[in-house]
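Heads up, the thing below is written out as structure tokens.
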Amino acid sequence: MAILTKDEAQALLKKVLGDSKADECEVNLNGTDRGNIRYARNSVSTSGRISQNTLVVASAFGKKLGVATINEFDDASLEKVVRRSEELAKLAPENPEYVPFLGQQKYADPITYIPATAGITPSQRSAAVAQSLQVARDNKVVAAGFLEDNTRYGAMINSKGLFAYNTATNVDFSITIRTEDGKGSGYATRGYNDVTKLDTKIVTQIATNKAIMSASAKAIEPGKYTVILEPTAAAVLIERIFFGLDARQADEGRSFLSLPGGKTRLGEKLVDERINIYSDPLNPELPTSTWNGDGRPQERVSWIEKGVIKNLSYSRYWAEKKGVKAVPGPDGAIMEGGTKTLDELIKGTKKGILVTRLYYIRDVDPQSLLLTGLTRDGTFYIENGKIQYPVKNFRFNESPVIMLNNLEELGKPERTVSDESNANYLIPPMKIRDFTFTSLSDAV
Amino acid sequence: MKRRDFVQIAGLGLGGMMLPLDMLGNPVPAEALLDSPLTTVQKKQFADAALNTARTNGATYADVRIGRYLNQFITTRENRVQNIVSTESFGVGVRVIAKGTWGFASTNDVSTDGIKKATERAIAIAKANSKFQTEPVRLAPVPGYGEVSWKTPIQKNSFEVPVSEKVELLLGANSGALKNGANFASSNLFQVNEQKYFASTDGSYIDQDVHRIWPTFTVSVIDRASGKFKTRDAMSAPMGMGYEYMIPKNEDKLPGPRGMFLYRNSYDIIEDATIAAKQAKEIISAKSVEPGKYDLVLEPNHLGLTIHESVGHPLELDRILGYEANYAGTSFASLEKLKSGTFNYGSKQVNIIADKTQVGSLGAVGYDDEGVKCKQWDLIKDGILVNFEAIRDQVHILGQNESHGCCYAQSWNDVQFQRMPNVSLAPGKEPYSSAQMIKDVEKGIYIAGRGSYSIDQQRYNFQFGGTTFYEIKNGEVVGMLNDVAYQSNTQEFWNSCVKVCDEKDYRMFGSFFDGKGQPSQVSAVSHGSSTARFNAVNVINTGRTI
């Protein structure tokens, strides 16, 4: 089954809903069509195309809920899945956290679907990879990369009059270039809704330049340094703040946003006052769905304003219990910045280290949000406004909360992809003082 | 079915757990998991349809995997069930070599026609990709085994155990923790059954039934006054076993420091959760570690992850060659280091074995996902690097003509590739217990359970935490420690291994969701060891205030 239009999805969902005999019924329909090419050692290793469609039916009798799922769409299967969810609901214990389904909602029109991406052909994919491989061959370096595009849609309906539909496209590209002697390595990644914005040749050239520049790195002592984090490096640290915005965790006392005596940091200053973080489904550079999985509208939400925690995310149950608006968690996060380019940030730096990528990020202490990980694929020493030489990779132990209190300067935000979560963000390059490197690594 | 046998089938909601969603199939009710849709006769007919289509269309090799993958995940919190998800995924994957190049396609249309079409697609992909190919695929020979079968030697199929019984056990563990001072307790039970039928143009028709299980929990204690919180995770290990792992046996229980228990081939989740609550309370007020050099005494359920990251991954041949350069990384362990025959990976005490046959392990199967009979082989012998982990299309690079049998795909829908076999540290040959080991340490730390772990992309520099830490002074455990992590370099660390306890202390750690590849696939793998001592390792203090 291909990607369904709004009308096709609504017709199918109405048919399913028509079979329902429950007190309440909600039906979700999702489909994805994705294609990919993977390559390594300057040669294609695998490629594939995966299409999946799933229908999820939730039926409720009182506070008893049953959920069933199917991926067959003939009439008999559709009725079977409704009956199955109803049987399960009747067998279920009452769920003390059950919240009745939402009624009709108003959603803004999404801007996530780009026809050019949806229409990508195998030969376009292949040509994009061929261009990337050509850069590698021309520069006598070794390429390993991954190109993946997807078109997806989601639709939901319920017995209280709610209907929602969204369709979206995305393309992600990442490339690692290594010098033939294995002494230099560079990386670049890009994510877009619109495939015409992706130039695999330019992105491969960026990674190639980093690989060549990073060869034969010098060891310098670990310790506290002023660092400039490129957006790709900053994203994997700062997203840990986004992941921890859940109000229930904070209220229960087990989050970095919890405070003694059962209080939370909501409304309190957490980081430097120049930090502003929000989400906005209609941002043209990072558009996301205008509704979330349980039908709540996604709106522009300020999470951190002038360094103060302005909002936490709530499940509908927890919001009802606390008597607050049930704000869903962010889909894509946007961190405001300044106007300076990365080069301008480097120019204004007396002594520091340029970090282009961070790797293998793990929580060390959830209380302080202390994280560990390593620099990778191009780390450089800066002195008197210029990159002087490549340095060996470091392990760091740092909390993004402490880091954003040690802010020196923000550059111009860019769309970037987290290599840890695959999420897309708009994040500026940033200059941070006293960033803690705890040991050296020989890895290239 | 009783009311309490309720099975909540949910699409993708797993109570906020970070689960690799790609491995989930289509949710189904628990009873449906016991149906068997195809007989081996039918599977052979379908397999032959793929193999014949491949031959007719110019493939020089083909294999077909007809797979039925079942999962059941139960998640609970305090006194309630959060979710019960039962999933089934059924379909066929066909892999071919045409024009010297791999091609793969899969379908959930399990009919002769559907399988033929998938085979044709795989051949078309192989031919299209052949223009990028620099050298043709070379396969190590494998004998045709005819019609054979293999089954995980389970005693009790966990899918046949009523959901109510499993829920009761998990809620019992939560209750044990809450009664002993925990503020929150959540527990999970993961059960996996892979029913895989493999056939290839080499003449093998292999039917396998693979089982895995993993009970786990997290207990949290919060000191409201100070705002401090600490968690203690389960000391269980995921295993290649049935529900018998959930039935505690005395002979599988090993005493650890200060009333703690460690478990071998069966697990007492209620006992462990009860102890966990008491320990989590103790951790809140434990002494913050003084950074410096310590002799580390690492028990198997901790050391397993260190083995996984610093030995298992760096010795994967595809990663050494650069196939994972854009994602998991490459490796410090080069072909030159192996060929030298003198590379000191560790001290003489370090003997590391790869084994796809170990009973009870997550990686144990009869044959891998390209029809190679599984075996055991040495990776590090008396401290010297002697072999890597390789599959049919790469083992010739090592000058060997027999695959190691460690090829795996997470589903029929994914292409199979090289995955880590079980990689284990052999026990010491002389009688030596963990209690004796602690007695011999002057200034050290005993570490139990898995914690935070991070290692670089070539596997030199790592930092590991743990679940519980005990300070050792002059041969005695003197109390718990907080804020502990150790940093080292792989070669330096394994060369600091001075002693390994004997086989009475041997048990397995497991990684249930090990990720590799793009698109990412998970696999499950065990790492056995006895408690081992590492001298003068750098310990850092991870305490910070925000």
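Heads up: the sequence lines are chains E and V, in that order.
Going by my numbering, the first residue of the first sequence is number 130, and it counts up by one from there.
Going by my numbering, the first residue of the second sequence is number 68, and it counts up by one from there.
A virtual CB, placed ideally from N, CA and C, is assigned to each residue, including glycine.
Mind pulling the chain E residues with CB within less than 7 Å of residue i?
i: V:Asn614; result: With chain V represented from 68 up to 613, any question about residue 614 of chain V goes unanswered, as that position is not in the structure.
What's the C-alpha gap between residue i and residue j?
i: V:Val606; j: V:Asp445; result: 31 Å
i: V:Ala493; j: V:Ser563; result: 16 Å
i: E:Phe523; j: E:Leu142; result: 53 Å
i: E:Asp494; j: V:Asp435; result: 39 Å
i: E:Trp432; j: V:Tyr499; result: 56 Å
i: E:Ser214; j: E:Lys150; result: 11 Å
i: E:Gly313; j: E:Ala462; result: 32 Å
i: E:Gly232; j: E:Gln427; result: 15 Å
i: V:Asn241; j: E:Ser384; result: 20 Å
i: V:Thr174; j: V:Gly158; result: 6 Å
i: V:Asn399; j: E:Leu327; result: Here the sequence assigns Phe to residue 399 of chain V, which means Asn is not the residue at that position. Near 33 Å, if we compare the C-alpha coordinates of E:Leu327 and V:Phe399.
i: V:Met84; j: E:Glu223; result: Note on V:Met84: pLDDT 30, under 50, position unreliable in the model; the coordinate value appears next. Near 23 Å, if we compare the C-alpha coordinates of E:Glu223 and V:Met84.
i: E:Asp574; j: V:Val152; result: No answer is possible for residue 574 of chain E: it lies beyond the span of chain E, which begins at 130 and ends at 573.
i: V:Ala431; j: V:Glu261; result: 12 Å
i: E:Ile404; j: E:Gly436; result: 5 Å
i: V:Asp460; j: V:Arg205; result: 5 Å
i: V:Gly92; j: V:Ala185; result: At V:Gly92, the pLDDT of 49 sits below 50, so the modelled position is not reliable and the matter cannot be decided from this model.
i: E:Arg178; j: E:Glu277; result: 9 Å
i: V:Glu437; j: V:Ile505; result: 45 Å
i: V:Ala121; j: V:Gln558; result: 46 Å
i: V:Ser216; j: E:Lys339; result: 51 Å
Looking at residue i: is its Cβ nearer than 8 Å to the Cβ of residue j?
i: V:Tyr361; j: V:Val604; result: yes
i: E:Asn325; j: E:Ala245; result: Note on residue identity: the sequence assigns Thr, not Asn, to residue 325 of chain E. Closer than 8 Å, so yes.
i: V:Ile458; j: V:Gln425; result: no
i: V:Leu256; j: V:Lys223; result: no
i: V:Ser519; j: E:Thr504; result: no
i: E:Arg486; j: E:Asp472; result: no
i: E:Thr478; j: E:Gly514; result: yes
i: E:Ala189; j: E:Asp152; result: yes
i: E:Pro459; j: E:Val430; result: yes
i: E:Gly481; j: E:Ile357; result: yes
i: V:Lys316; j: V:Ser333; result: yes
i: V:Gly595; j: V:Pro367; result: yes
i: E:Asn171; j: E:Gly283; result: no
i: V:Lys111; j: V:Glu391; result: no
i: V:Thr534; j: V:Met547; result: no
i: E:Ile438; j: E:Leu498; result: no
Nearest by alpha-carbon distance to residue i: which of the options is it?
i: E:Thr329; options: E:Thr308, E:Ile341, E:Phe302 and E:Glu350; result: E:Phe302
i: V:Val161; options: V:Gln149, V:Gly181 and V:Glu155; result: V:Gly181
i: E:Glu543; options: E:Thr468, E:Val271, E:Lys143 and E:Asp310; result: E:Thr468
i: V:Pro586; options: E:Ser174, E:Thr134, E:Val145 and E:Cys154; result: E:Ser174
i: E:Ala187; options: E:Ala257, E:Ile199 and E:Lys521; result: E:Ile199
i: E:Leu441; options: E:Ser497, E:Gln378, E:Lys435 and E:Asn412; result: E:Gln378
i: E:Ala257; options: E:Thr305, E:Leu483 and E:Ile331; result: E:Ile331
i: V:Thr106; options: V:Ile613, V:His594, V:Asp274 and V:Ile447; result: V:Asp274
i: V:Gly396; options: V:Ile387, V:Leu402, V:Ile133 and V:Asn247; result: V:Ile387
i: E:Arg266; options: V:Val204, V:Leu206 and V:Phe199; result: V:Phe199
i: E:Tyr242; options: E:Thr419, E:Ile511 and E:Thr393; result: E:Thr419
i: E:Ala572; options: E:Gly311, E:Asn287 and E:Lys193; result: E:Gly311
Would you mind telling me which residues of chain E sit closer than 8 Å to residue i, beta carbon to beta carbon, in chain order?
i: V:Val482; result: Thr175 and Gly177
Could you list which residues in chain E have their beta carbon closer than 9 Å to that of residue i, in chain order?
i: V:Asp436; result: Those do not exist, as V:Asp436 stays about 15 Å from chain E at its closest Cβ, beyond 9 Å.
i: V:Ala552; result: Val493, Thr501 and Asn526
List, in order along the chain, the chain V residues whose C-beta lies closer than 7 Å to that of residue i?
i: E:Val437; result: By Cβ distance, chain V contributes nothing, its closest Cβ being about 15 Å from E:Val437, past 7 Å.
Taking Cβ-Cβ distances shorter than 8 Å, what residues in chain V pair up with residue i?
i: E:Tyr489; result: Ser521, Ile522, Asp523 and Gln524
Which bits of chain V does residue i rub up against, with CB to CB less than 9 Å?
i: E:Ser303; result: Asn393, Tyr394 and Gln585
Worksheet item: What are the residues of the stretch 266–293 of chain E that lie near chain V, defined by any Cβ-Cβ distance shorter than 9 Å?
Response: Hits within the stretch, in order: Val271, Ala272, Ala273, Gly274, Phe275 and Glu277.
Discussion item. Which residues of the stretch 556–585 of chain V have a Cβ closer than 9 Å to any Cβ of chain E? Give them in chain order.
Written reply: The stretch 556–585 of chain V vs chain E, Cβ under 9 Å: Asn556, Gly584 and Gln585.
Practice prompt. Return the residues of the stretch 287–319 of chain V that lie within a Cβ-Cβ distance of less than 9 Å from chain E, sorted by chain order.
Written response: Against chain E - using a Cβ distance shorter than 9 Å - the residues of the stretch 287–319 of chain V are Ser287, Ile289, Asp290, Arg291, Ala292, Ser293, Gly294, Lys295, Phe296, Lys297 and Thr298.
Discussion item. Under 7 Å, CB to CB, which of the residues in the stretch 184–195 of chain V have a partner in chain E?
Written reply: Those residues of the stretch 184–195 of chain V that come within reach of chain E (Cβ to Cβ, closer than 7 Å) are Ile192.
Worksheet entry | Residues in the stretch 392–407 of chain E having any Cβ partner in chain V nearer than 7 Å | Answer in chain order: no residues at all.
Worksheet item: Can you list, in chain order, the residues of the stretch 452–486 of chain V whose Cβ is nearer than 9 Å to any Cβ on chain E?
Response: Within the stretch 452–486 of chain V, the residues whose Cβ lies closer than 9 Å to some Cβ of chain E are Asn480, Asp481, Val482 and Phe484, listed in chain order.
Discussion item. By the 9 Å beta-carbon criterion, what residues does the stretch 525–541 of chain V contribute toward chain E?
Written reply: Going along the stretch 525–541 of chain V in chain order, one finds Gln525, Arg526, Tyr527, Asn528, Phe529, Gln530 and Gly532 with a Cβ nearer than 9 Å to chain E.
Fill in: Against chain E: residues of the stretch 386–415 of chain V by CB proximity under 8 Å
Residues passing the 8 Å Cβ filter: Leu388, Gly389, Tyr390, Glu391, Ala392, Asn393, Tyr394, Gly396, Thr397 and Phe399.
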